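These notes concern the structure reproduced below.
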Amino acid sequence: MSAASSIWKIVLSLIVVVAFIPICLWVMKRLQFAQMKLGQSGIKVIQVQTLGPKERLMLVEVEGERILIGVTPNTITHLKNIPIDKSKFTNVMEEAVKDSMVASKANEEKT
Numbered sequence: 052m053s054a055a056s057s058i059w060k061i062v063l064s065l066i067v068v069v070a071f072i073p074i075c076l077w078v079m080k081r082l083q084f085a086q087m088k089l090g091q092s093g094i095k096v097i098q099v100q101t102l103g104p105k106e107r108l109m110l111v112e113v114e115g116e117r118i119l120i121g122v123t124p125n126t127i128t129h130l131k132n133i134p135i136d137k138s139k140f141t142n143v144m145e146e147a148v149k150d151s152m153v154a155s156k157a158n159e160e161k162t
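So for the sequence shown, the working numbering puts the first residue at 52; every next one is plus one.
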């Protein structure tokens, strides 16, 4: 009977170890979430506008300044600095579109 009891001890130990792994993962995930919540990041994502499957416009706030950036899988491009008082993302987008239209017309006139 000692062989049977040692097998049961091994099986029971294996079950405890297998059950312990997901519990540890759950605790780690909770701790990371709490740490992110408590940690004060200097960068805040205000709004995101998807342009395509992997392209986005992002309005971020860094040290009290709002910045419009374009994000693709390969690059991040600074598009425009925006004063805080212009909090409407649609107004910012309209201005960015107008600026790009003016720039494209200027390029067309040069050619």
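Glycine is no exception: its CB is placed at the ideal position from the N, C-alpha and C atoms.
Just so you know, these numbers come straight off a predicted model, no measurement behind them.
- Assignment of residue 114 by DSSP, reduced to helix, strand and coil, places it in the coil class.
- Spanning the alpha carbons of residue 133 and residue 117 requires a straight line of approximately 5 Å.
- Within the DSSP bridge table, the entry for residue 98 names 110 as partners.
- Between the region 65 to 84 and the region 92 to 109 there are fewer than three C-beta pairs closer than 8 Å, too few to call the two in contact.
- According to the DSSP assignment, residue 127 belongs to the beta strand (DSSP E) that extends over 127 to 133.
- In this structure, residue 157 keeps its C-beta atom at 8 Å or more from the C-beta atom of residue 131.
- In this structure, the straight-line span from the alpha carbon of residue 128 to that of residue 71 is close to 45 Å.
- In this structure, the beta-carbon distance from residue 135 to residue 113 does not fall below 8 Å.
- Within a 10 Å sphere around the beta-carbon of residue 76 sit fewer than 16 other beta-carbons, which makes this residue exposed.
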